[in-house]
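Asker: Using numbering that gives the first Met the number 0, the final residue of the sequence shown is 160, and nothing's skipped along the way.
Every residue gets a Cβ at the ideal spot worked out from N, C-alpha and C, and that includes glycine.
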Amino acid sequence: MTTPDQPADPRPADGTAVSGAVPAMRKSLLYGAVFTVVLAIGASVVGALVAELPGLLSGLIGALMGFVFLGLTAASILLADRVTRGDLLSPAYFGIVLGAWLLKFLIFLVLIFVLGDVPALDRIVLFLTLVVAVLGGLVTDLLGVARARVPYVDAPRAPRP
0 MTTPDQPADP RPADGTAVSG AVPAMRKSLL YGAVFTVVLA IGASVVGALV AELPGLLSGL
60 IGALMGFVFL GLTAASILLA DRVTRGDLLS PAYFGIVLGA WLLKFLIFLV LIFVLGDVPA
120 LDRIVLFLTL VVAVLGGLVT DLLGVARARV PYVDAPRAPR P
């Protein structure tokens, strides 16, 4: 039990540190999943009205691609936080996050070149859905970070024996 003079230790029982990125990215993933479902429904309906079955499929694929990119961002930050034990200034942290960014870029290029030539898809619906997914991903990241209850300063740590 803690008192007002004695704050709770935010670290897990195993002693590893938890950065503020963990609750923010978890919220971002939750908001991103909800946004993706809404986008998939909306884009597939509009795509079906505009371009029939190819538009419907393009709307669904575009929304799914957007969530994959959003999920890779959050997963890379969560993985980097776990690997570096909450040390946000570690070179490994930056390496993991930037490596995931490069992976997302390569996946994006491969998917665009592969899906751009598929006759069963509508390129315009796919492109517009991807644009909305990227902008929505930025908003869900912003909301996840803004609504995460993260202290401005870390709790003091006990010295190691």
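Note down the Cα distance separating serine 27 from leucine 52, rounded to an integer number of angstroms.
Answerer: 31 Å
Asker: Hey, out of Leu71, Val37, Ala147, Leu56, whose CA is closest to valine 131's CA?
Answerer: Val37
Asker: Looking at glycine 58 and alanine 32, is the spacing between their C-beta atoms short of 7 Å?
Answerer: The Cβ-Cβ distance between alanine 32 and glycine 58 does not fall below 7 Å.
Asker: CA-CA distance, glycine 135 and phenylalanine 66?
Answerer: 10 Å
Asker: Could you check where the alpha helix (DSSP H) with threonine 35 kicks off and where it finishes?
Answerer: 20-82
Asker: Roughly how many angstroms separate the alpha carbons of glutamine 5 and proline 155, rounded to a whole number?
Answerer: Its pLDDT being 46, under 50, glutamine 5 is placed unreliably in this model, and the coordinates cannot settle the point.
Asker: Check whether the Cβ atoms of glycine 54 and glycine 46 sit closer than 7 Å, and answer yes or no.
Answerer: yes
Asker: By Cβ distance below 7 Å, which residues in the same chain neighbour leucine 129 in space, the five residues on each side in sequence not counted?
Answerer: Here the set comprises Gly61, Met64, Gly65.
Asker: Just to confirm before moving on: does the CB-CB distance between methionine 24 and alanine 73 stay below 7 Å?
Answerer: In this structure, alanine 73 lies closer than 7 Å to methionine 24 by Cβ.
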